[in-house]
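Colleague: My questions all concern the structure below.
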Amino acid sequence: MNQKAYKALEYYKIINMLTDKASSSMGKEICRKLEPSTDIDEIRHMQTQTRDALTRLFQKGNISFGSVKDVRGSLKRLEIGSSLGIGELLAICSLLENTNRVKAYSRSERGDSLPDSLDGMFEALEPLTPLTTEIRRCILSEDEISDDASSALKDIRREIKQTNISIHNKLTSVINSQNNKTMLQDALITVRNGRYCVPVKTEYRNAFPGMIHDQSSSGSTLFIEPMAVVQLNNHLKELDIKEKMEIEKILQSLSAQAASCSRELEENQKILTKLDFIFAKAALSRHYNCVEPKFNNKRYINIKDGRHPLLNPKQVVPINIWVGDSFDLLIVTGPNTGGKTVSLKTVGLFTLMGQSGLHIPAFEGSELAVFDNVFADIGDEQSIEQNLSTFSAHMTNIVSILNEADANSLCLFDELCSGTDPTEGAALAIAVLNFLHN
Numbered sequence: 001m002n003q004k005a006y007k008a009l010e011y012y013k014i015i016n017m018l019t020d021k022a023s024s025s026m027g028k029e030i031c032r033k034l035e036p037s038t039d040i041d042e043i044r045h046m047q048t049q050t051r052d053a054l055t056r057l058f059q060k061g062n063i064s065f066g067s068v069k070d071v072r073g074s075l076k077r078l079e080i081g082s083s084l085g086i087g088e089l090l091a092i093c094s095l096l097e098n099t100n101r102v103k104a105y106s107r108s109e110r111g112d113s114l115p116d117s118l119d120g121m122f123e124a125l126e127p128l129t130p131l132t133t134e135i136r137r138c139i140l141s142e143d144e145i146s147d148d149a150s151s152a153l154k155d156i157r158r159e160i161k162q163t164n165i166s167i168h169n170k171l172t173s174v175i176n177s178q179n180n181k182t183m184l185q186d187a188l189i190t191v192r193n194g195r196y197c198v199p200v201k202t203e204y205r206n207a208f209p210g211m212i213h214d215q216s217s218s219g220s221t222l223f224i225e226p227m228a229v230v231q232l233n234n235h236l237k238e239l240d241i242k243e244k245m246e247i248e249k250i251l252q253s254l255s256a257q258a259a260s261c262s263r264e265l266e267e268n269q270k271i272l273t274k275l276d277f278i279f280a281k282a283a284l285s286r287h288y289n290c291v292e293p294k295f296n297n298k299r300y301i302n303i304k305d306g307r308h309p310l311l312n313p314k315q316v317v318p319i320n321i322w323v324g325d326s327f328d329l330l331i332v333t334g335p336n337t338g339g340k341t342v343s344l345k346t347v348g349l350f351t352l353m354g355q356s357g358l359h360i361p362a363f364e365g366s367e368l369a370v371f372d373n374v375f376a377d378i379g380d381e382q383s384i385e386q387n388l389s390t391f392s393a394h395m396t397n398i399v400s401i402l403n404e405a406d407a408n409s410l411c412l413f414d415e416l417c418s419g420t421d422p423t424e425g426a427a428l429a430i431a432v433l434n435f436l437h438n
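Each step along the sequence shown adds one to the number in my numbering, with nothing skipped, and position 314 is 314.
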């Protein structure tokens, strides 16, 4: 398709509105890349998907795909046997929970309705409930693994708790001792370099038995680990290492379970992303009160009560345009601000929208043709950079269109060959139209 026509017909503004309707980042990515198709079967299939999603929206209400996480990087890491981190496993869990929610949306909404084009995608979703349950059982949040993730982890943490109590009991007796009160800066317990310490006045550094770990910024206080808790602190360090190792084992186990389901996870993500895109098209259709257009490959257009989607819906005047049946060249004339340019843009934009699988804001029974290309010479084409006047710029564009257009092209011209001598402009315009008509 001719990219200049996208800009002239403001197709990208429609794409931006479509992107806003998608709820996941990957769904938005598909929306942004949407381009018209020239295959009538593909177009009809896309239109059917949009219609079926719209039917579901009316039956069941909105559906969100916002928690569809991009886990492609994690799946590649699983392929080579890597262990995933907590955040990656939670992303997979989130994906599966959304899969389950979407699957439930499909099951509960249909009743005795006839099958539609989306059934296959909904049925192919695999919630993998056991994996979701196991991840949620083991991981409480981005920063916390559950004590119940494994019996070994539970035992280690119980021992850590008991060791901490023992350390605090010993340190409490140290700071409450009458012999130590004069040597301590404050009667408190602090942590330096992962070791429990007490603040000792610098002048008593040799009188207070223990290991120095830090010094205050003023230099008046030393943070000393009393000899009475050195062994307990060492044991606590060992337990911390054991805890980390056990957490790694848990994450490796969860990663192995996820790896065994990597194909289903990848397929779930693809389907949810595709559904997000399709339901975004349906949401756009509902927003603009659109209809599914009929399509033909006979270059016949019949727009009934078409409303340009970028105009205020309360002020826009619906238009009826048909071309390609008994005639295939249409000239629209009339006064300024009479709607000629809007009519041209409506035909072109509807064509691009329809061939992209989007519904159009028009009356039921509107029909569009499938074109291999759409060309548009609309708006001010003046180019300062190329030293072109408005007329010259338009002529450059028109020449390009004449070189590329064929019998299966839709060509739109606004104020053809204006901006020059009226007689010469009229002659040029007649020549261009005759050439295209032939």
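Where is the CB? At the ideal position from N, CA and C, for every residue including glycine. Model, not experiment: these values are computed from the prediction.
Distance check for residue 152 and residue 235, CA to CA, integer angstroms please.
Modeller: Straight-line Cα distance between these residues: approximately 17 Å.
Colleague: Run the CB neighbour count on residue 291, radius 10 Å, all protein chains shown included, and call it buried at 16 or more, exposed below.
Modeller: With 16 or more Cβ atoms within 10 Å of its Cβ, residue 291 is classed as buried.
Colleague: Taking residue 170 as the reference, which of 120, 81, 122, 231 has the closest Cα?
Modeller: Residue 170 has its Cα closest to that of 231, out of 120, 81, 122, 231.
Colleague: Which word fits residue 211, buried or exposed, when buried means at least 16 other C-beta atoms lie within 10 angstroms of its C-beta?
Modeller: By the neighbour-count rule (16 or more Cβ atoms within 10 Å), residue 211 is not buried but exposed.
Colleague: For the candidate residues 367, 358, 428, 373, whose alpha-carbon lies nearest to that of residue 392?
Modeller: Looking at the Cα atoms, 428 is the closest of the given residues.
Colleague: If you draw a straight line from the C-alpha of residue 120 to the C-alpha of residue 103, how long is it?
Modeller: C-alpha separation (whole angstroms): 11 Å.
Colleague: Please state the DSSP three-state secondary structure of residue 376.
Modeller: In this structure, residue 376 counts as strand in the three-state DSSP scheme.
Colleague: Would a C-beta distance cut-off of 8 Å place residue 419 and residue 43 closer than the cut-off?
Modeller: No; because the gap between Cβ atoms is not below 8 Å, this pair is not in contact.
Colleague: Quick one: complete beta strand (DSSP E) runs, 3+ long, within the segment 167-200?
Modeller: 190-192, all fully within the segment 167-200.
Colleague: By the three-class DSSP mapping on this structure, what secondary structure does residue 70 have?
Modeller: Note: residue 70 maps to coil in three-state DSSP.
Colleague: Run through the DSSP bridge pairs and tell me what residue 430 is partnered with.
Modeller: None; residue 430 has no bridge partner.
Colleague: Looking at the structure shown, is residue 99 part of a helix, part of a strand, or coil, going by DSSP?
Modeller: Helix, per DSSP.
Colleague: How many whole angstroms separate the CB atoms of residue 213 and residue 195, which I take to be in contact at a CB cut-off of 8 Å?
Modeller: Yes, they are in contact, since the Cβ atoms of residue 213 and residue 195 sit about 6 Å apart, within 8 Å.
Colleague: Do you know offhand how far residue 4's Cα is from residue 35's?
Modeller: Rounded to whole angstroms, residue 4 to residue 35 spans 13 Å at the Cα level.
Colleague: For residue 16 and residue 115, I'd like the C-alpha separation in whole angstroms.
Modeller: Spanning the two alpha carbons is a distance of roughly 31 Å.
Colleague: Got a sec, what are the start and stop residues for the beta strand (DSSP E) residue 445 sits in?
Modeller: It is not possible to answer for residue 445, since the shown part of the chain is limited to 1 through 438.
Colleague: Our contact map puts residue 138 next to residue 239 with C-beta atoms below 8 Å; I'd like the distance itself, whole angstroms only.
Modeller: Not really, about 20 Å apart at Cβ, beyond 8 Å.
Colleague: Have a look at residue 130 and residue 100 and give me their C-alpha separation to the nearest angstrom.
Modeller: Looking at the two C-alpha atoms, the distance is approximately 12 Å.
Colleague: Could you tell me which uninterrupted beta strand (DSSP E) segments, each at least 3 residues in length, are contained entirely in the segment 218-254, listed from first to last along the chain?
Modeller: You should have 221-226.
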